[in-house]
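*Asks:* Whatever position you read off the sequence shown (first residue = 1), add 155 for the working numbering. The C-beta atom is built at its ideal place from N, Cα and C for all residues, glycine as well. The structure displayed is predicted, hence computed values, not measured ones.
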Amino acid sequence: MTIATTVFTTLAVGVLFLLPVQAQQNVVKEDKPLRKTESRSEDNPGAVLSGKEIPYWKQTNNAHEPERTCSLTSLAMVTDYFGFTDPSVNGRSPDYLFNQLGGVLQDVPALEWGFNEIARRAGSDKRAESTTTGTIQQLREAVTSGKLAIIHGWFTQSGHIVMVKGFDGSHYIVNDPNGRWNEEKWGSYDTSVSGEDQKYSKAAFEHAINDNGTGDDLWLHIYE
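1. How would you call E296, buried or exposed, if buried means at least 16 neighbouring beta carbons within 10 angstroms?
2. By alpha-carbon positions, which one of N333, S347, I328 and T346 ends up nearest to A359?
3. Evaluate the contact criterion for the region 344-356 versus the region 265-285: three or more CB pairs, one atom per stretch, below 8 Å.
4. For W341, count neighbouring C-beta atoms within 10 Å of its own C-beta (all shown protein chains included) and say buried if the count is 16 or more, exposed if not.
5. Where G370 and T290 are concerned, what is the direct C-alpha to C-alpha distance, given to the nearest angstrom?
6. Which of the three DSSP states is assigned to W212 in this structure?
7. In chain order, what residues of the same chain have a beta carbon less than 7 Å from the beta carbon of S248, not counting five sequence neighbours either side?
8. Would you tell me roughly how many angstroms separate the C-alpha atoms of V259 and H307, rounded to the nearest one?
9. Return the first residue and the last residue of the alpha helix (DSSP H) that W374 is part of.
10. Please state the DSSP three-state secondary structure of E272.
11. Between the C-alpha atoms of E222 and K281, what's the straight-line distance to the nearest angstrom?
12. Can you tell me which residues form a DSSP beta bridge with H307?
13. Helix, strand or coil: which one does DSSP assign to Q353?
14. Which class does V329 belong to by DSSP, given the choice of helix, strand or coil?
15. With DSSP collapsed to three states, give me the class of F237.
16. Helix, strand or coil for R335? Go by DSSP, reduced to three states.
17. What whole-angstrom Cβ distance do S229 and V317 have, given they're in contact under 8 Å?
18. What three-state label does DSSP hand G370 in the structure shown?
19. Just the C-alpha distance for E361 and H376, rounded to the nearest angstrom, thanks.
20. Going straight from the alpha carbon of N271 to that of P210, what length do you get?
21. Measure the beta-carbon distance from G350 to D331 and round it to whole angstroms, keeping in mind my assumption that it falls under 8 Å.
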């Protein structure tokens with residue numbers, strides 16, 4: 156994404172993060188672990204992929220600013236995966252991160268700091284690989300080699316952040332904290348369903364995360 160100094164705080168239904176030049180219902184439901192056979196519209200802190208637990212958190216369940224916390228909700232999935240946060244001890248991880256990190260983390264440097272700070276407190280030397288000039292190839296290679304990624308994109312008019320955990324050559328496998336995206340750039344969401352294990356087409360997803368048309372301006376975080 157092109158970098159500018161202007162900071163926007165415009166709210167839209169569903170999600171928000173801060174972006175240069177362009178900016179981004181509040182329904183709180185009871186959380187519960189869900190079986191794979193259920194309709195997953197809630198949190199699922201015990202989801203398993205490739206033998207390791209990758210949780211799912213729904214931002215509309217967040218206690219604090221659910222319309223603005225796609226970034227922290229995506230981050231909570233990653234910190235839970237690495238064991239830096241534990242919902243069985245601290246409660247819902249997005250709410251825990253909100254309190255521990257002082258609120259919403261919007262842009263790339265802030266989200267990078269948030270992961271690194273939680274890792275440091277956990278005694279880990281893991282650090283985020285974060286950039287505002289990421290490439291499509293970097294993203295594909297990361298998530299096909301077992302790494303997790305968080306990506307910023309124009310999934311809505313105001314922008315949104317999701318966690319990516321796989322790529323099968325034609326679709327990205329995403330834990331989307333806001334539900335199901337309609338696969339249109341500057342599009343909309345069905346927030347009544349879970350965003351866990353959503354499969355978004357390669358063309359639609361890459362169009363939404365890239366501004367300059369060359370695929371080298373991604374706001375990207377990679378974790379391993």
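*Replies:* Considering the structure as presented:
1. For the purposes of this step, residue 296 is identified with residue 141 of the sequence shown, where counting begins at 1. Residue environment: E296 is assigned as exposed (fewer than 16 neighbouring CB atoms within 10 Å of its CB, all protein chains considered).
2. Indexing the sequence shown from 1 puts residue 359 at position 204. Minimum Cα distance to A359 is reached at I328.
3. no
4. Walking along the sequence shown from the start, residue 341 turns up at place 186. Its Cβ having fewer than 16 others within 10 Å, W341 is exposed.
5. The count along the sequence shown starts at 1 and reaches residue 370 at position 215. The count along the sequence shown starts at 1 and reaches residue 290 at position 135. Those two C-alpha atoms are separated by around 5 Å.
6. Taking the sequence shown and counting its residues from 1, the one referred to as residue 212 is at position 57. Coil, per DSSP.
7. Taking the sequence shown and counting its residues from 1, the one referred to as residue 248 is at position 93. The residues are W212, A231, T234, D235, T240 and P242.
8. Position 104 of the sequence shown, counted from the start, is the residue given in the question as residue 259. Position 152 of the sequence shown, counted from the start, is the residue given in the question as residue 307. Those two C-alpha atoms are separated by around 15 Å.
9. Here the question's residue 374 lines up with position 219 in the sequence shown. Counting along the chain, W374 falls outside any alpha helix (DSSP H), though it belongs to the beta strand (DSSP E) covering L373 to Y378.
10. By 1-based counting over the sequence shown, the position of residue 272 is 117. Helix, per DSSP.
11. Counting from 1 along the sequence shown, the entry for residue 222 is found at position 67. Counting from 1 along the sequence shown, the entry for residue 281 is found at position 126. If I take the Cα positions, the gap works out to 29 Å.
12. Position 152 of the sequence shown, counting from 1, holds the residue named residue 307. H307 is bridged to I316.
13. Counting from 1 along the sequence shown, the entry for residue 353 is found at position 198. In this structure, Q353 counts as strand in the three-state DSSP scheme.
14. For the purposes of this step, residue 329 is taken as residue 174 along the sequence shown, with counting starting at 1. Correct three-state label for V329: strand.
15. Along the sequence shown, one-based indexing puts residue 237 at 82. Coil.
16. In the sequence shown, counting from the first residue as 1, residue 335 sits at position 180. Of the three classes helix, strand and coil, the one that applies to R335 here is strand, per DSSP.
17. In the sequence shown, residue 229 corresponds to position 74, counting from 1. In the sequence shown, residue 317 corresponds to position 162, counting from 1. Sure, about 6 Å apart at Cβ, within 8 Å.
18. Taking the sequence shown and counting its residues from 1, the one referred to as residue 370 is at position 215. Residue state, collapsed to three classes: coil.
19. If you number the sequence shown from 1, residue 361 lands on position 206. If you number the sequence shown from 1, residue 376 lands on position 221. Spanning the two alpha carbons is a distance of roughly 15 Å.
20. Counted from its first residue, the sequence shown places residue 271 at position 116. Counted from its first residue, the sequence shown places residue 210 at position 55. Approximately 19 Å between the Cα atoms of the pair.
21. In the sequence shown, residue 350 corresponds to position 195, counting from 1. In the sequence shown, residue 331 corresponds to position 176, counting from 1. Cβ-Cβ separation between G350 and D331: approximately 3 Å, consistent with a contact (criterion under 8 Å).
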